[in-house]
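J.: Numbering (UniProt numbering), first residue to last: 1 to 348.
A virtual CB, placed ideally from N, CA and C, is assigned to each residue, including glycine.
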Amino acid sequence: MKAKTAVLIKDHTAEVHERELGEIGDHQVLVKLDTCNLCTTDYQQWMGLREKQGYPMAGGHENSGIVTAAGKDVKNIVVGDRVAFGYIFCGDCPACRAGNTFECTNIDFDAVSPDGYKGDMGIATYKLADAKYTIKVSNQLEPAQAGFVEPLGTVIHGIKKLHIQPQEDVVVVGAGTMGLLNALTARAYGARVIVSELTEKKLKRAESMGFETIHAKETEPADAVFDLTKGKGADIVIGAVGATKAYDQCLQMLREHRGKFLVFAAGYPEPELHISPNDIHYRQIQIIGTMGGGIGDFEEAAKLLSNGTIDVSGCLEGITIGLKDIQKAFEAASAPDAYRVTVDCQDV
Ligand SMILES: [Zn+2]
Ligand SMILES: [Zn+2]
1 MKAKTAVLIK DHTAEVHERE LGEIGDHQVL VKLDTCNLCT TDYQQWMGLR
51 EKQGYPMAGG HENSGIVTAA GKDVKNIVVG DRVAFGYIFC GDCPACRAGN
101 TFECTNIDFD AVSPDGYKGD MGIATYKLAD AKYTIKVSNQ LEPAQAGFVE
151 PLGTVIHGIK KLHIQPQEDV VVVGAGTMGL LNALTARAYG ARVIVSELTE
201 KKLKRAESMG FETIHAKETE PADAVFDLTK GKGADIVIGA VGATKAYDQC
251 LQMLREHRGK FLVFAAGYPE PELHISPNDI HYRQIQIIGT MGGGIGDFEE
301 AAKLLSNGTI DVSGCLEGIT IGLKDIQKAF EAASAPDAYR VTVDCQDV
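1) Does the beta carbon of D130 fall short of 8 Å from some heavy atom of ligand 2?
2) Under a Cβ-count criterion, where at least 16 other Cβ atoms within 10 Å of its own Cβ denotes burial, should R187 be classed as buried or exposed?
3) Tell me whether the beta-carbon of A98 lies closer than 9 Å to the beta-carbon of T105.
4) Just checking, does the stretch 26–46 make contact with the stretch 105–118 on the three C-beta pairs under 8 Å criterion?
5) Nearest to Q327 by alpha carbon, out of L316, C93, N307, V348?
6) Among Y133, T185, F148, I285, which has the Cα closest to the Cα of V74?
7) Quick one: residues in its chain with C-beta nearer than 7 Å to the C-beta of K72, no 5 flanking neighbours on either side, listed in chain order?
8) When you measure from the CB of Q61 to every non-hydrogen atom of ligand 1, does any distance come out below 8 Å?
9) Could you spell out the range, first to last residue, of the alpha helix (DSSP H) harbouring R205?
10) Which residues neighbour ligand 2 when neighbourhood means a C-beta less than 7 Å away from any of its non-hydrogen atoms? List them by chain order.
11) If you follow the alpha helix (DSSP H) that H281 is part of, which residue opens it and which one closes it?
12) Cβ of P151 within 8 Å of any heavy atom in ligand 1?
13) Starting from K75, follow the alpha helix (DSSP H) in both directions and report where the run begins and ends.
14) Can you give me the Cβ contacts of residue 352 inside the same chain, cut-off strictly under 7 Å, excluding the 5 residues immediately before and after it?
15) Evaluate A266 with the Cβ neighbour count: other Cβ atoms within 10 Å of its Cβ, from every protein chain shown; 16 or more gives buried, anything less gives exposed.
16) Helix, strand or coil: how does DSSP classify I326 here?
17) With three or more C-beta pairs closer than 8 Å as the rule, is the stretch 300–313 touching the stretch 153–162?
18) Does the separation of the CB atoms of H281 and D248 fall below 9 Å?
19) Taking 8 Å as the cut-off, is the beta-carbon of C39 closer than that to any non-hydrogen atom of ligand 1?
20) Any idea which residues DSSP pairs Y126 with across the strands?
21) Along the chain, where does the alpha helix (DSSP H) containing R97 start, and where does it finish?
22) Provide the residue span of the beta strand (DSSP E) that contains V261, from first to last.
23) Thinking C-alpha only, which one of P151, Y117, T177 is nearest P336?
24) Are the CB atoms of A69 and V29 nearer to each other than 9 Å?
25) On the CB-based measure, 16 or more other CB atoms within 10 Å of its CB, does V79 come out buried or exposed?
26) Any contact of the stretch 44–64 with the stretch 113–129, i.e. 3+ C-beta pairs under 8 Å?
27) Taking the CB atoms as reference points, tell me whether C345 and T35 lie closer together than 9 Å.
28) Measure the Cβ-Cβ separation of A243 and F211 and say whether it is below 9 Å.
29) Considering only their Cβ atoms, is the gap separating A129 from V7 smaller than 9 Å?
30) Between the Cα of I238 and those of G289, A146, I24, A144, spot the shortest distance and give me the residue it belongs to.
Following this line, the structure appears as structure tokens:
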């Protein structure tokens with residue numbers, strides 16, 4: 001079984017290579033991929049910003065397709081199912097047994113395939129995957145939206161740590177793809193959600209999705225939050241921009257006591273966090289880190305996408321480009337302020 005796969009061979013250079021997938025294993029499924037959305041990790045490497053990820057990089061993980069064959073021991077998926085993917089895990093190590101499958105100690109996420117490629121090989125015509133981390137979604141779900149199982153799963157992983165209550169005011173700082181996913185999820189968990197953002201395009205997008213917004217260029221975001229919450233401040237702030245100034249704003253808008261700050265984004269160069277330990281003590285502030293997601297988070301993401309509780313159509317740029325034009329797809333994904341750009345994996 002051969003598959004055509006997008007491969008970064010150096011910065012600003014993506015090619016389509018043909019790879020031999022090999023025989024399907026007893027625990028594996030063969031998936032004919034419809035689409036793959038280009039994640040920040042994908043297009044920033046194309047831009048030359050993540051050289052440490054290595055080459056040749058056959059990346060792409062925000063994808064979805066239909067199962068065309070299943071190994072004899074596969075029980076959770078049948079041929080014809082629409083699927084997306086979580087992260088690979090062993091299921092046997094202490095981290096996996098504790099439910100933290102993304103902290104699996106038996107998987108080398110930087111592994112190189114026998115034919116010399118790095119990455120998830122997900123911008124491709126076909127993919128062979130362990131059924132264990134293959135996630136069933138509704139067959140009615142649009143492929144590009146099904147591709148959000150992974151990013152939405154990572155958001156759900158963070159949101160669960162916040163124990164959101166319906167009467168709480170949640171502020172999301174940053175309305176990029178991950179900021180909007182956090183906003184959608186916090187709203188689905190019952191909170192009032194306010195989005196703070198600098199750029200016009202993203203503000204408009206957040207407004208069109210029904211969120212209250214703060215124009216962070218025209219107003220002081222913390223002042224706006226105190227106005228909107230009648231002087232109380234935010235119960236919860238989710239930082240979806242990895243920058244010192246954004247982190248300063250996040251901390252300034254927290255309510256006086258027991259506010260929670262979720263550090264969702266990393267930033268390069270590394271941002272600073274300006275907070276006094278005495279403030280953390282006296283004001284009982286909780287600073288919560290989050291990263292990745294477990295198999296249960298991806299299953300939850302699949303359910304919320306499949307039943308329409310979370311509609312991620314607003315997180316798509318609305319551009320679909322064939323695998324045969326993979327260079328153009330990376331160019332479009334790298335444009336400033338672009339939401340997710342979609343690759344049509346069968347147009348090759
Ligand atoms: Zn991703
Ligand atoms: Zn494990």
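T.: On the basis of the supplied data:
1) no
2) buried
3) no
4) no
5) V348
6) Y133
7) D26
8) Here residue 61 turns out to be His, not Gln, going by the sequence shown. Inclusion of H61 in the 8 Å shell around ligand 1 follows from its C-beta lying nearer than that to a non-hydrogen atom of the ligand.
9) Element bounds for R205: 200–208.
10) Here the list is F89, C90, G91, D92, C93, A95, C96, T101, C104, T105, N106, I107.
11) Per DSSP, the unbroken alpha helix (DSSP H) holding H281 starts and ends at 277–282.
12) yes
13) Run containing K75: none; DSSP gives neither H nor E here.
14) Residue 352 is absent from the model: the chain starts at 1 and stops at 348.
15) exposed
16) helix
17) yes
18) no
19) Between ligand 1 and the CB of C39, the shortest heavy atom gap is smaller than 8 Å.
20) According to DSSP, which records beta bridges pairwise, Y126 is partnered with K32.
21) 94–97
22) It should be pointed out that residue 261 corresponds to Phe in this sequence rather than to Val. 260–263 is the extent of the beta strand (DSSP E) around F261.
23) T177
24) yes
25) exposed
26) yes
27) yes
28) no
29) no
30) G289
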